[in-house]
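For reference, the structure is listed below as structure tokens.
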Amino acid sequence: MGLYSVVLFCLMTALPHMLYGPGQDALQLTAEHGAVYDVNATVEALNQQKRKNLCHLNGNGTACEVEEGSLAPQILLFVAQLISGVGGSLYYTLGISYMDDNVKKSKTPALISFSIFLRTLGPALGYALSSLCLKFYISPTLTPIIENTDMRWLGAWWMGWIILGGLLFIFATIIGMFPKTLPRAALRRKIAAEKKNLMIEDKEKSEPPASMKDLLAAIKRLLYNKILMLNNLASVFYIFGYMAYWIFLPKYIETQYRQSASKASLVTGTVGLVFSAIGILLSGAVITKYKPSARALGVWNVFVGVLSVLWMIVFVFLGCAANDNNIIVNAGPGNNSISSCNSNCKCDFVPYSPVCAADGTTTYTSACHAGCTDQFEDNHKKIFTNCSCINTGSLDTNTELYKSISKKINSINMDTTGFATSGNCPVDCTKQFYIFLAVVCLMKFSGATARASNFLISVRCVKEEDKPVSMGFGLMIMSLFAFVPSPIFFGAVLDQTCLVWGKTCTGTGNCWLYDVESLRYIMNLTAAAFVAVGVLFDVGVWYYVRDLKIYDDNEDDDAQEMNALSARRPVDPTANIFQSNLSLQSHIKSNT
């Protein structure tokens, strides 16, 4: 049922696009709709529609947006997330306990590492799928008039959810075919039953059903478990800090290094997570072979945490100077900065539509802010002319952009002063991007090596009967104090670095442009601070795990214990089945 709930979540997430479509802003950036105007409008009104983003020296300028949107899609997405949380918690809490109960304890590290490795491949495949979907415009049947590197590009985000929903439905059906109890768990239950029968001798008692009192008692035991609580608190702060990269890394790459949304998603998912997978498998193999003590695992977790903090501090210095120094004119808070050259243009409600001056380096937030009063199109690309804020005499006339625009203007015998083209000025941050990517891979690899050790400590520090409650309790703590508040917190942090806000009739819209340098400092240093607090809690875990046993059980011990118990008292007829299985296992081992 858990996975089927996630299938429902996928379909509900794609539903807003099916019900409401791509939206007017996205349609206006297509060749089919961008040049379509009201055929019933007067000549004057039609001309106003075509020139709505230009400088209006006469008239009222661009009107504000009246539409406030609808709460229905937000409510739909909220309900979908709620369903996903319920289904996902069922799968990951009961599923992990189910797996741990049915394997040899000596093999747990390797199998847990392999399980985490497969779980890591999920985001990798998800990012790859998202990269593929984002290459298509939000409405794939239409022709966009902007490049996919433009900040206004909207990819077909909804396609991935439909594909994922179909795949998850298939895997949910397969997993549902597994038996409720595997032979390994049945053997353990048989041993536990024999122990209980020997203790009560002549009394036949059945285990009482679980009650709310038992649950509260289990939670109390967990709250007083120092190792578990310190480990959970460390995980909360680690997740809180890492959430900035899990959620906002594609956007970070787009803004810092001017990469397309498709490329940012592909790199984030495939390259970085491949190194995570390698780290998980390698750590699992090392733990399985050398069986380090709990104290050694705790030391490693502390070391990896310190290393993660250092990587995040390194990110602060991995900017792109060309992007940092890219001149954004009239991009103050609220997108209402006024200068003498555009003071009469009435640009207050002009949407963010960046234009690049003919020098190829100066970017204006819109043609209106550049003081442009005229425009014409060349192969669906707009060229704005008579721009009062662009001094043609001071521009570098040797750039390819200047030469190409001048040639086009001369060919149509247009008399113009300053001119610009639609879109941001090009910035090359390729070298800096690959250096950043290399550091990301190192951070992913080092961080992944602590996943298996952290999991082993969390499942070995609680009693067997408390394990399912412990998994759910830990997930609840991390959801309440990390997964839920962290995206909200870092979203607010990113908003503080916004340069250009959209404006509506009643307030502020979305952020269109960020101060990349401030964003780099604030995001990375804030994330590093949270992870550093997590390291302090990991030090506490290291201190208290000195007597914790990690590898105290194996299949041979189970077999020997079962034989000893069987010899001490008569067994019921069903026990012969288990005894036969044990004899068969011993026979196989003696011949291998």
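In mature numbering (1 follows the signal peptide of the UniProt record, and there is no 0), the protein residues as written are -16 to -1, 1 to 576. For every residue, glycine included, the Cβ atom is placed at its ideal position computed from N, Cα and C. Since we're looking at a predicted model, the values are computed, not measured.
Inter-residue Cα distance where the pair is residue i and residue j
i	j	result
PRO276	LYS533	11 angstroms
ASN328	ASN370	15 angstroms
LEU(-6)	ILE472	24 angstroms
CYS425	HIS40	50 angstroms
ILE147	ALA(-3)	10 angstroms
ILE297	GLN8	41 angstroms
ARG435	ILE67	27 angstroms
LEU(-9)	ALA511	33 angstroms
SER406	SER115	25 angstroms
GLN65	ARG103	19 angstroms
ALA516	LEU233	20 angstroms
CYS340	ALA404	5 angstroms
PRO338	LYS415	25 angstroms
ALA342	GLY402	8 angstroms
MET2	PRO57	11 angstroms
ALA466	ASN508	17 angstroms
LYS187	LEU200	Summary for LYS187: the model assigns pLDDT 47, below 50, so the residue's position carries little reliability; its value from the coordinates is reported in the next sentence. Roughly 28 angstroms separates the two Cα atoms.
MET213	SER437	16 angstroms
ILE211	VAL525	5 angstroms
LEU217	LYS451	18 angstroms
GLU449	ALA269	28 angstroms
PRO124	GLN12	14 angstroms
ASP134	ILE154	37 angstroms
LYS235	ILE175	54 angstroms
ALA10	GLY139	10 angstroms
ILE506	PHE162	48 angstroms
VAL555	SER454	Residue placement at VAL555 cannot be trusted, given a pLDDT of 42 that sits under 50; what the coordinates show is reported in the next sentence. Taking the straight line from one Cα to the other gives about 34 angstroms.
MET460	TYR4	34 angstroms
ILE203	LEU152	33 angstroms
ALA432	ALA261	7 angstroms
Neighbour-count burial assignment, residue i, 16 or more Cβ in a 10 Å radius
i	result
GLU361	exposed
MET127	Correcting the residue identity first, residue 127 is Thr in this sequence and not Met. Exposed, since its Cβ has fewer than 16 Cβ neighbours within 10 Å.
MET196	exposed
ASP198	exposed
LYS428	buried
THR157	exposed
VAL484	buried
MET346	Reading the sequence as shown, one finds Thr at residue 346 and not Met. Answer is buried; the Cβ neighbour count reaches 16.
GLN359	buried
ASN494	exposed
ILE59	exposed
GLN240	buried
GLY150	exposed
Supposed contact pair residue j and residue i - C-beta distance, whole angstroms, cut 8 angstroms
i	j	result
GLY37	ALA351	The sequence given here has Asn at residue 37, not Gly. So it is a contact: roughly 5 angstroms between Cβ atoms.
LEU302	VAL423	7 angstroms
THR442	ASN285	The question names Thr, but residue 442 is Ser in the sequence shown. With a Cβ gap of about 11 angstroms, SER442 and ASN285 do not count as contacting.
GLY486	TYR336	6 angstroms
GLY518	TYR222	4 angstroms
VAL220	ARG504	About 25 angstroms separates the two Cβ atoms, so there is no contact after all.
ASP522	GLY289	5 angstroms
Residue i versus the options, residue with shortest Cα-Cα distance
i	options	result
TYR418	VAL477, CYS482, ALA248, PHE287	ALA248
TRP496	LEU478, ALA513, ASN508	LEU478
LEU250	ALA218, GLY72, CYS325, ALA112	ALA112
GLY456	GLY69, LEU483, GLY110, GLY475	GLY69
GLY160	TRP137, TYR(-13), CYS409, GLY431	TYR(-13)
TYR229	TRP295, GLY344, LEU266, ALA202	TRP295
LEU105	ASP134, THR252, VAL283	THR252
ASP332	GLN480, GLU501, SER463, HIS353	HIS353
LEU265	SER99, MET507, THR481, ALA476	SER99
GLU238	ALA278, ASN408, PHE259, LYS273	ASN408
SER244	THR125, TRP526, PHE221, ILE130	ILE130
TRP137	GLY150, THR14, LEU95	THR14
VAL141	TYR236, SER267, PRO6	What sits at residue 141 in the sequence shown is Trp, not Val. If we check each option's Cα against that of TRP141, PRO6 comes out closest.
GLU501	PHE259, LYS273, CYS304	CYS304
PRO107	THR254, CYS413, THR481, LEU459	THR254
ALA246	GLY282, VAL293, TYR121, GLY71	Here residue 246 turns out to be Ser, not Ala, going by the sequence shown. Checking every option, the nearest Cα to that of SER246 belongs to TYR121.
ARG530	CYS482, GLY282, ILE506	GLY282
ILE110	CYS482, GLN240, LEU257, ILE374	The question names Ile, but residue 110 in the sequence shown is Gly. Cα-wise, what sits closest to GLY110 is LEU257.
ARG205	LYS447, MET460, LYS174	LYS447
PHE101	PHE259, THR357, VAL523, ILE271	PHE259
PHE62	GLY475, PHE474, VAL468	VAL468
LYS273	PRO(-1), VAL(-11), TYR535, TYR4	TYR535
ALA278	LEU440, VAL(-11), ASN326, GLN480	LEU440
Interface flag, residue i vs chain D, CB-CB below 8 angstroms
i	result
PRO338	The structure shown contains no chain D; it holds only a single protein chain.
Cβ-heavy atom distance, residue i to the ligand COA, below 7 angstroms
i	result
ILE203	With respect to the ligand COA, the structure offers nothing, as it holds no ligand at all.
> Considering only residues of the stretch 472 to 544, which uninterrupted beta strand (DSSP E) runs meet the minimum length of 3 residues and lie entirely inside it, listed in chain order?
Replying inline: You should have 482 to 487, 492 to 498.
>> As an exercise, report each continuous alpha helix (DSSP H) stretch of at least 4 residues that is fully enclosed by the stretch 398 to 443, in chain order.
In response: Entirely contained in the stretch 398 to 443, the alpha helix (DSSP H) runs reaching 4 residues are, in chain order, 414 to 432.
>> Report the start-end ranges of each alpha helix (DSSP H) in the stretch 328 to 374 that is 4 residues or longer and not cut off at the edges.
In response: You should have found no qualifying run.
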